[in-house]
Structures are given as structure tokens and as C-alpha cells.
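Heads up: the protein sequence lines correspond to chains A and B, in order.
When the first sequence is numbered by this note's numbering, its final residue is 468 and no position is left out of the sequence of numbers.
When the second sequence is numbered by this note's numbering, its final residue is 490 and no position is left out of the sequence of numbers.
No residue lacks a Cβ here, since even glycine has one placed at the ideal position from N, Cα and C.
Here the structure is a predicted model, which means the values were calculated and not measured.
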Amino acid sequence: MRLKRVLTLRTVVATSAGLTLASSSFVAAVSVANFVLGDTAWIAILVGGALCLLAASCFSELNGLLPTAAGLRLYFSRAFNDQVSLTVSILYMLVVIVGVIGAESYVLSTVLYDVFPAVPPYAWIVILLLLVTGMNVRGIKIAGVFQDVITYGLIASILAFGLIALSKVNFHLSAPLSPGGATGIISAVAVGVFLFVGFEWVTPLAEEVTQIRQISRGMMIALGILSVIYAIFTVAMTATVPKEVLAASAAPHIAFARATLGGAGVSWMIAVSLAATVTTFNAGLISVSRFMYASAREHALPQVFSKISMRYFTPWVSILALLLIGLVASGITLLTHRYLVLVYLAAAMESIVYVLAGLAVISLRRKMPDQNRPYRIPFGYLVPALTLLVFAILAVTVLVTNPWVLVYLAVAFLACLVYVNTAVPYLKKKHQARKSASRRRPSRAAKEVEGK
Amino acid sequence: MAIHEEITESLMAFTENFNKNERLKIMNRDWDRVVVIQATDIDSLHTLTLVDGVVSLKEGTSNDPDLTVISDSETLADIFYGDITPTEPYNNGTLRIIGSEDDIIRLDFISLMIWGE
């Protein structure tokens, strides 16, 4: 038997890279630059990318061992237990949706308000979220060739902007290897991880490729490309516009585009920003709404979230619930202007998930030693142990240097823990009681009696 | 462990309920798919074919499936009788489905519409 429709490596790379390319990445890039001295942000970005390669290796082994669209939910359930898996999955989805929609909509609305000051920023957020919600309810997915065109277009644009700016200022590295103190570098790398948030969300495509190794290869190539373009772009931004001007803006890439290519540059960058945000929202909403639907189907969320549109075959209640969460999250972000907290929150959560991925590889090698692994990380436990250690340090760094992030994450974690330990058993019990009374499959003993 | 005939009966119940549901047939008119169902613990293979919103069942495999549903015989019989949702065994790894993510979700939607929660 062979699978009819398969994805190419080009699409796997585009999907992995496309999920990480967002407007808020430019803000994170400026944050990285601010933690280090001079024009050495490229070091922190390349180190961040290299560290993400460690995590990518762990995801590759997990994905080969358990190829599934359920991803983390299954890896962590097998490696630890169902409660841990469900708690982490719900927390991760919550942080991603609040963090990414909050930060992303804030950045994009700032960009658009800059150009069209007559329209209030929140109106842009509402329009954009309604547009993406409409696309999701109708089942329109940015995927395949369309995803390839957008992602490779974004990559080419970011690279072109960087190179044009560097040539215009006749750039030379002034202090190429002096990034400053250890704390600054660790913080820069920790925030740099945000630049790669979501690269591993390509693993649900595991059953759509002919060779499972294509997923790992795709993730690695995507990380390599992203590291290089982010490094070039960030150095170009700080070489063209003073760091303090960039740091004071929620849309530093627009200030950079204006300084590099004037009005034409701004138009081009707005197009880049819009494409990056719409693809991120679209992919994020699809993934999280499907997660909510699947959770409702396994009775971990109220049944209402499994309602589907009779016309478009989409989980419309979950999608509308996400629209509400998105509107509230972006409204609060717009009022408080604390978008950077969301960037740090997502970076910390991502690091924690990578720590658990490292632990899961170690645990599953002990629990399922003889299971076929199409991709096995070389050098024994070294890489998963390093992943665990490095990302634990990065997560702690983000949490210690940003106490509000620690508070938000702790509160969200406790809420998820209480929910999984109280509401989920109640929902499952309720379903079980209803279900056992209406079993359709005839028991074999009854059939045998009938046959006699 | 379920026997081959039980899986066949569960698939017949699934097919019959699908074909009785006019709404489901209209909704799946453009979703022509070949689904192979394979048990891991007994020798049992079936093929469900959806063409123009109508499902047909045959024993044995197909060389060119869009989706391949793989699990132990008990889980397969329970899923196609609608006694358990596919999501639970899928999320704990008991059920494996080879195919595109969109098709996997669609199959679950169909199961939900036939059997309810």
C-alpha cells in the first residue's frame, strides 16, 4: 500500500519556516539586539538557531517513533502520563494563542495605524481577526503551493531588505566577537528562541510524507534558513537605525524599511508584515481549534467545542471561542502596551516544551527500547540531555528576569492543573455514564446464545 | 480481541448509517476517498470506498488508499460501531491513521455525525 498524496520537502520547509515568520519576530529581534553589545546580535541569533537544532533532533526522534497528527499530546502521554500531557498541551495552546495573537495583533495594528492614522488600531485587529476567523470557519487553509509562495516570498523579502540595507551603509562588523556579559548573552539567546517559535508544529504532517526523515530534514533546513535571514536582518536593522529608536517602537521593521528604501520600502514591509501575520494567525487558529475539537471529542473540554459546521466541516464553536479569546487578549495588550511580556511568555513556554521534549526522548528510549525509530539521535543521551539542560537554563533566565512572565505562567499552569484534575474527570465520568447505557456493539456471548 | 466478522459487522453498520444519512451524503459528494482498515492483532483487512457521497465496503485491501486506519481489532470494532470516539485511541497511540491531517479530521467529523458524541 502506498499513500496517494504526499508533501514535498519544499512544502515541509515552507510549513516549518512559515509558522515561525511573524511580525512580532522583528520586535523579538530588536530585543535580542538590545541584550548584547554593538552589532553582535547575529551571534545570539545563530546560537539560538543552533540550540533549536537540538530540540529539532528530539522532535525528529519522537516524530519518527510516534508519527501522528496529535504531536505533543501523544509524545508526552506515552513518555509521562495522560495528565501531564493534557496539562502541558492545554497550557501550551493557551500561551501560544494569547501570546502570539496578543503580540502579533499589537505589532500589526501599530504598523497599519502608522500608515492610516484615521483608523483606530483596535479596528485593524477586529478586521484581521474576523477575516482569519471567516477563513477558518469556511475551511480555507493557507497550505501547499500557496504556503510555499508566501513563505519563500517572505524569506526572499527579509533577506533582500537586510542585504540592501547593509550595502547602503557600507557595513563592516565593528566588534564581531564581543557581545558583552554572560547575562546579556543568555537573555539574548533566550528571547532569540522566540524567533523560532513554532518550527516544530510541522510534525503533524508526519503521515503525509513518504519518508518520515523528510520532516526532520525540513525542520533542520527551516531552522538554518531562518537563523541566517534573522541574523542578517537584525544586524542590518541595528546598523541602519539606532537601537534605542528601534526599541522604542512596536513596529521597528517599518522604521527600518523607511530608513532603507523610503516610502516604497514602507509599502513593501507592510505587505511583508501583513502576509506574515495572516499566515501565522491562519495556521495558529487552525491548529488550536483542531486541538480544542479533539479535546472535546475525548471529553477533556465541554462537548460544545466539538460542534461542527454542517456546511464547511469545520469546528465553528472552537473557532469562534478563539476569536473571542483573541479579541480580549489583543484588547488588553492594546490598553496596557505590554506586548513584550507576551513575547517573553511565549519564549519561556517554548523553552519549557523543548525541555519536556528532551525528557520525553530519554523516557521513551527506556519505555520503548525495541520500537522502530526511523530517526535516532546519535551520541546516546547527549543531545536530549543537552536540550533539557540548555532550555531549562533559558526558561529560568526569562522567568527570573521578567517576574510578570513568571506570575502569568504560574497562574496559567495552576489553572490548567486544577482544570485537568477536577473538570476533566467530571466530564469523562459524565460521558461514560451516558455511553455505557447505549452500547451498540452486540456482546459476543449474547450472540453465541442467540446462535444456539 | 474481536474477530474478523465483528469488524465486518461494525463496518457494515457504519456504511449503512452513512448511506441512510442524506445530509452526510450531500456533504461528502466531493470527498471521494479510499480508506483501508487494518487490524494489527488478527488477519483482517477491509476497504471503504466513498464515491459521489456513497460508501461501499469490500473485504481485502486496496493498493492506492487515501487513508489507512490501523488498530487492534477491539478498538476498530468499537470505533465503527460508534461505541468509542476515534480521538481517544488516536491521542493515546492505540489508533494510527496514515493520511492527510484534513482527511483524518473529516473521518472523525463523519463518525461524529453518524454516531453522535
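Asked, Found
"Endpoints, the beta strand (DSSP E) within which A/L188 is located", "Note that residue 188 of chain A corresponds to His in the displayed sequence, not to Leu. Note, A/H188: premise wrong, no beta strand (DSSP E); not H, not E."
"Sufficient close CB pairs (3 or more, under 8 Å) joining the stretch 349-360 of chain A to the stretch 386-398 of chain B", "no"
"Beta-bridge pairing of B/A412 - partner residues as DSSP gives them", "B/S444"
"Outcome for A/M326 when other beta-carbon atoms lying within 10 angstroms are tallied against a minimum of 16", "exposed"
"Cα-Cα separation between A/V148 and A/V294, rounded to whole angstroms", "7 Å"
"Closer than 8 Å at the beta carbon, the chain A residues around B/G433", "Near B/G433 there are no residues of chain A at all, since even the closest Cβ is about 11 Å away, more than 8 Å."
"Residues from the stretch 66-98 of chain A in contact with chain B, defined by Cβ distance under 9 Å", "L82, P83, T84, A85, A86, R89, L90, S93, R94 and D98"
"Among B/I471, B/G489 and B/D475, the one whose alpha carbon lies nearest that of A/Q227", "B/I471"
"Same chain, Cβ closer than 6 Å to A/L19, neighbours up to 5 away in sequence not counted", "Confidence is the limiting factor: at A/L19 the pLDDT is only 49, short of 50, which leaves the residue's position unreliable, though a coordinate-based value still follows. Cβ within range, chain order: n/a, list empty."
"Validate contact between the stretch 204-221 of chain A and the stretch 358-366 of chain A using beta carbons, cut 8 Å, 3 pairs", "yes"
"Cα-Cα separation, B/I399 to B/F391", "11 Å"
"Inter-residue CB distance, A/D55 and A/L179 (contact presumed, cutoff 8 Å)", "Incorrect: roughly 15 Å between the Cβ atoms, too far for contact."
"Nearest residue (CA-CA) to A/L82, options B/P459, B/G433, B/T458 and B/R469", "B/R469"
"A/H315 versus A/A222 - alpha carbon distance", "25 Å"
"Neighbour list for B/N394 in chain A, Cβ cutoff strictly below 9 Å", "Simply none; closest approach about 11 Å."
"Segment contact, 8 Å Cβ cut-off, at least three pairs: the stretch 381-393 of chain A with the stretch 153-173 of chain A", "no"
"Extent of the continuous beta strand (DSSP E) run through B/I471", "R469 to I471"
"Distance, A/A310 Cα to B/T460 Cα", "6 Å"
"Under 8 Å by beta carbon: chain B residues contacting A/S322", "L485 and E490"
"For A/V320, the three-state DSSP class (helix, strand or coil)", "helix"
"CB contact below 8 Å: A/E366 versus chain B", "no"
"Same chain, Cβ closer than 8 Å to A/F329, five either side skipped, listed in chain order", "G155"
"The stretch 431-438 of chain B contacting the stretch 400-414 of chain B, beta-carbon criterion three pairs below 8 Å", "yes"
"Rounded separation between B/D439 and A/W332 - CA only", "26 Å"
"Whole-Å CB distance - A/I245 paired with A/I174, under 8 Å assumed", "5 Å"
"Proximity to A/G214 [Cα-Cα], best of A/A271, A/V116, A/Y355 and A/E77", "A/V116"
"Beta-carbon proximity list for A/L239, same chain, < 7 Å, skipping 5 on both sides", "G65, C68, L69, A72, F212 and F215"
"C-beta neighbour in chain B for A/M151, strict 8 Å", "no"
"Status (buried if at least 16 other CB within 10 Å, exposed otherwise) for A/Y442", "exposed"
"Chain C contact residues for A/P318, given Cβ-Cβ distances below 8 Å", "Considering every chain present, this structure includes no chain C. Its protein chains are A and B."
"Any chain A beta carbon closer than 8 Å to B/S446", "no"
"Straight-line gap, A/S289 to A/I59 (C-alpha atoms, nearest Å)", "25 Å"
"Residue span of the alpha helix (DSSP H) that contains B/T429, given as start and end", "It should be noted that the sequence gives Ser, not Thr, for residue 429 of chain B. Segment V427 to E432 is the beta strand (DSSP E) holding B/S429; no alpha helix (DSSP H) there."
"Simplified DSSP state of A/L19, which is helix, strand or coil", "Low confidence applies to A/L19: its pLDDT is 49, below 50, so where it sits in the model is not reliable enough to give any reading."
"Whole-number beta carbon distance between A/T296 and A/A139, since they are thought to touch under 8 Å", "Their Cβ separation, rounded to whole angstroms, is 20 Å, which puts A/A139 and A/T296 out of contact at 8 Å."
"Alpha carbon of A/A275 to alpha carbon of A/V131, nearest angstrom", "15 Å"
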